[in-house]
Amino acid sequence: MEVVITPDADAAAEVVAGVITRVLHTRPAPVLGLATGSSPLAAYRRLIAAHDQGDVSFGHASAVLLDEYVGLPPDHPQGYRAFICRELVDRVDLPRERLFGPDVQAPDLGDACLRYDELITDLGGVDVQLLGIGSDGHIGFNEPGSSLASRTRIKTLTRATRADNARFFEDHEHEVPRHVVTQGLGTILEARHVLLVACGAGKATPIGRAVEGPLTAMCPASILQLHPHATVVVDEPAAAGLKLAGYYREAYQNKPRWQEL
Ligand code: F6R
-4 MEVVITPDAD AAAEVVAGVI TRVLHTRPAP VLGLATGSSP LAAYRRLIAA
46 HDQGDVSFGH ASAVLLDEYV GLPPDHPQGY RAFICRELVD RVDLPRERLF
96 GPDVQAPDLG DACLRYDELI TDLGGVDVQL LGIGSDGHIG FNEPGSSLAS
146 RTRIKTLTRA TRADNARFFE DHEHEVPRHV VTQGLGTILE ARHVLLVACG
196 AGKATPIGRA VEGPLTAMCP ASILQLHPHA TVVVDEPAAA GLKLAGYYRE
246 AYQNKPRWQE L
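Using my numbering, read the sequence shown as starting at -4 and increasing by one per residue.
Structure representation (C-alpha cells):
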C-alpha cells in the first residue's frame, strides 16, 4: 500500500485526477470504477476542467458504479447513477450507455448482483477503482462485519452511515435508504489499481485503522492491505493518526522518477 500525504484537499484531488488521467491516456479501453459521496468530487471537478480544455477524453472509456441505493425511484437525484451523471459523466464525453451500475430495480436483486459482477468481468475488469472511506471504515457500502471475500450483494447500512449520509437528504436521516447494493470487498480487490481518497480530520481514525490497523472485517477498508496496487491519498488532517506518516512522506518525496503511482 502506498500512502500519499498532501498538504491539503486540493492537492489530494490533483493526485487523484492525475492517476485517472494517466489511465485515460494510456489504456485503449479504460474501465473506471467510480465512487460517489463527497470525497471524489474535487477530483471530478479537475477532470471536467481538463476535459473542457481538451487535455483528456473519456470517449473510449467505460465506467462502473461502486454501489447504489435500493428503494429510491430510478430518477431520484440522490441515486448514485444520477449523482455520478450530474457530477461527472454528463459533463465529459463519456458515453452514457457505457456507464454501468447494478440494476437495483430488478425483481430478483440477488440475480442482478451476480450479473453485475459478471458484467465487470466481461468489461475486462476495472483499471482504477476510486474509493472513499466511511467513518466506520467501510469502502463501497461494505459495512463492518462484511465478508472480506464478499461479492456484489445487498447490504443494510449502519445507523452511523445513514446519519453520515443524511446531509444528502436535507438532513432527514429517515429518508436515507436502509438498503444498498455494493460491490463486495472481493470484487473491489479485483480492480487493477485501487485509489482511496480521504480528506479532513473526520477521516483520521478510519484511515489509521485501514492503513496501519489489523486486517479485520471490523474495518473493511483494511482489506486494501492485501491489494498489490493500492494507493491511499490523504490530506494532512486525515493523516493525523498515521504512525508512519514521516516514512510515507519521505518515500513519496524520494520516489524514483520512473515509478508512477
Ligand atoms: C460512495 C461509497 C462510500 C463513500 C464513503 C465516504 O460511493 O461507496 O463508501 O465513499 O461513505 O463518503 P464521503 O466521501 O461522502 O465522506
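For glycine and all other residues, C-beta sits at the position ideal for the given N, C-alpha and C. Bear in mind that the values here come from a model prediction, so they are computed numbers and not experimental data.
Under a Cβ-count criterion, where at least 16 other Cβ atoms within 10 Å of its own Cβ denotes burial, should residue i be classed as buried or exposed?
i, result
"proline 68", "exposed"
"alanine 246", "exposed"
"serine 33", "exposed"
"asparagine 160", "buried"
"tyrosine 39", "buried"
"aspartate 230", "buried"
"glutamine 100", "exposed"
"threonine 226", "buried"
Under DSSP, the alpha helix (DSSP H) around residue i begins and ends at which residues?
i, result
"alanine 45", "36 to 47"
"aspartate 230", "Segment 225 to 230 is the beta strand (DSSP E) holding aspartate 230; no alpha helix (DSSP H) there."
"glutamine 248", "240 to 248"
"glycine 13", "4 to 21"
At which residues does the beta strand (DSSP E) containing residue i begin and terminate?
i, result
"alanine 58", "57 to 60"
"glycine 28", "26 to 29"
"arginine 110", "That residue, arginine 110, is in no beta strand (DSSP E); its alpha helix (DSSP H) goes 104 to 117."
"arginine 148", "148 to 151"
"isoleucine 0", "-3 to 1"
"leucine 123", "One detail in the question is off: residue 123 reads as valine in this sequence, not leucine. Segment 123 to 126, the beta strand (DSSP E) holding valine 123."
Quick check: does the Cβ of residue i come within less than 7 Å of any heavy atom belonging to the ligand ATP?
i, result
"serine 52", "Inclusion of the ligand ATP in the displayed structure is not the case, the ligand content consisting of the ligand F6R alone."
Around the ligand F6R, which residues pass a check of Cβ closer than 5 Å to any of its heavy atoms?
Ala30, Thr31, Gly32, Ser33, Ser34, Leu61, Asp62, Gly127, Gly129 and Gly135
Contact between the region 234 to 253 and the region 200 to 213: three or more CB pairs below 8 Å?
yes
Any beta strand (DSSP E) of 3 or more consecutive residues that is wholly inside the region 170 to 220
Taking only runs of at least 3 residues, the beta strand (DSSP E) segments lying wholly in the region 170 to 220 are 174 to 177 and 188 to 193.
Any 3 or more C-beta pairs closer than 8 Å across the region 165 to 172 and the region 182 to 196
The region 165 to 172, when compared against the region 182 to 196, does not touch it at the 8 Å Cβ threshold.
If contact is defined by three or more beta carbon pairs under 8 Å, each pair taking one atom from either stretch, is the region 73 to 87 in contact with the region 118 to 138?
no
Taking contact to mean 3 or more Cβ pairs, one atom from each stretch, closer than 8 Å, check whether the region 16 to 36 and the region 140 to 147 are in contact.
no
Between the region 2 to 19 and the region 40 to 53, are three or more C-beta pairs nearer than 8 Å?
yes
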